[in-house]
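Input: a single structure, listed below in structure tokens.
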Amino acid sequence: MARTCLITGASQGIGRATAVRLSREPWLDNIVLVARSAAGLEATVEACRREAGQSPAIHPMPYDLSQLDGIPDLVARIHEACGSIDVLLNIAGYADPKSLLDTTSENLVTTFTVNVFAMLILSREVVRWMQGRPAKILNIASTAGITARPGWVAYAASKAAVVSLSQTLSEELAGTGIKVYTISPGRTATELRRKLAPEEDPTTIMQPDAVADVIAMLVGDRERTLDGQNIIVREQR
Ligand SMILES: NC(=O)c1ccc[n+]([C@@H]2O[C@H](COP(=O)([O-])OP(=O)(O)OC[C@H]3O[C@@H](n4cnc5c(N)ncnc54)[C@H](OP(=O)(O)O)[C@@H]3O)[C@@H](O)[C@H]2O)c1
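Everything in the sequence shown is counted per the working numbering, starting at 550 for the first residue and increasing by one.
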């Protein structure tokens, strides 16, 4: 049966690097790319084509994940187009770093909606279709969710929530054949990191393809021993 990987946050950064890396995997038949920017997703499709030619099939599906009520329909459309969803990579993320006194309700709601609520609703909907098949979910948290980040309170708290929800899902889904991974990357050279640390030289920190390599290892068939634990991903440069 054809195998499908759904990647959120695929219009740039770690999500794009992961799509390009996974497009080289012979076991994958379909890669579905989700983010808001249609142009960003098209650029990812092009990058995958340059990497791997015409196989696997790449399906860009622009969607704003803060629209929680539309997620069930999105997942149903993906399942209809591809026939299965075998791997879900929850990579989409939002950060607008603010100190406590500058943190608005809007900042809190947007951060938690994209980073936590959409991840949970998407996981719920995908699990409905995964039942009875071996499958994997991988959620991106952050080292910001494990150690204090003064000035980034909403983002850091949302990533701590990702660690917690992933551990809960891992236990709840144990025995169903669905494995849940959490990775917590350290500083990675992307647009989101530029917002968090505008003064930093991006060439001095981890690049998105290093994170993509870890994701490819985890979702590949040879990985059979890890589940649930929060895996820190850092590169010494
Ligand atoms: N970079 C780091 O240092 C670092 C470290 C630890 C963890 N992380 C995590 O890694 C993940 C990827 O981030 P990145 O560093 O690669 O940043 P990025 O380049 O800014 O990518 C963020 C992705 O999330 C998507 N996204 C944001 N809001 C969305 C929405 N409402 N609906 C759909 N998609 C949305 C963006 O696409 P659109 O704008 O097109 O919607 C984009 O594809 C995030 O969860 C982030 O928290 C990053």
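In this text, a Cβ means the ideal position worked out from N, Cα and C, and glycines have one as well.
Item                                                                                                                                                                 : Value
Select from 737, 772 and 601 the residue whose C-alpha is nearest the C-alpha of residue 784.                                                                        : 737
For a test of your reading of the model: does the CB of residue 740 fall under 7 Å from any non-hydrogen atom of ligand 1? Yes or no.                                : yes
For residue 751 versus residue 566, is the C-beta distance shorter than 8 Å?                                                                                         : no
Assuming residue 577 and residue 593 form a contact by the criterion Cβ under 8 Å, report the distance between their Cβ atoms to the nearest whole angstrom.         : Between residue 593 and residue 577 the Cβ distance is about 15 Å, and since that is not below 8 Å, they are no contact.
Determine, using beta carbons only, whether residue 780 and residue 731 come nearer to each other than 8 Å.                                                          : yes
Applying the criterion that 16 or more other CB atoms from any shown protein chain within 10 Å of the CB defines a buried residue, is residue 570 buried or exposed? : buried
Return the residue from the list 603, 558, 653 and 685 that minimises the CA-CA distance to residue 769.                                                             : 685
Out of curiosity, what's the CA-to-CA distance linking residue 655 and residue 609?                                                                                  : 28 Å
In the DSSP assignment, find the beta strand (DSSP E) that holds residue 557 and state where it starts and stops.                                                    : 553-557
Would residue 663 pass as a contact of residue 555 if the rule is Cβ separation under 8 Å?                                                                           : no
Hey, is residue 561 close to ligand 1, as in C-beta under 7 Å from one of its heavy atoms?                                                                           : yes
Name the residue from 604, 563, 687 and 587 whose alpha carbon lies nearest to the alpha carbon of residue 580.                                                      : 604
Measure the C-alpha to C-alpha separation of residue 760 and residue 735 and round it to an integer number of angstroms.                                             : 9 Å
Please classify residue 610: does DSSP put it in a helix, a strand, or coil?                                                                                         : coil
Please classify residue 726 as buried or exposed, where buried requires at least 16 neighbouring CB atoms within 10 angstroms.                                       : exposed
Is the separation between the beta-carbon of residue 667 and that of residue 620 shorter than 8 Å?                                                                   : yes
Taking residue 558 and residue 640 to be in contact with their CB atoms under 8 Å, please state how far apart those CB atoms are, rounded to whole angstroms.        : 4 Å
Quick one: measure Cβ to Cβ for residue 729 and residue 776, integer angstroms, because I've assumed they're closer than 8 Å.                                        : 7 Å
Are residue 660 and residue 703 closer than 8 Å when you measure CB to CB?                                                                                           : yes
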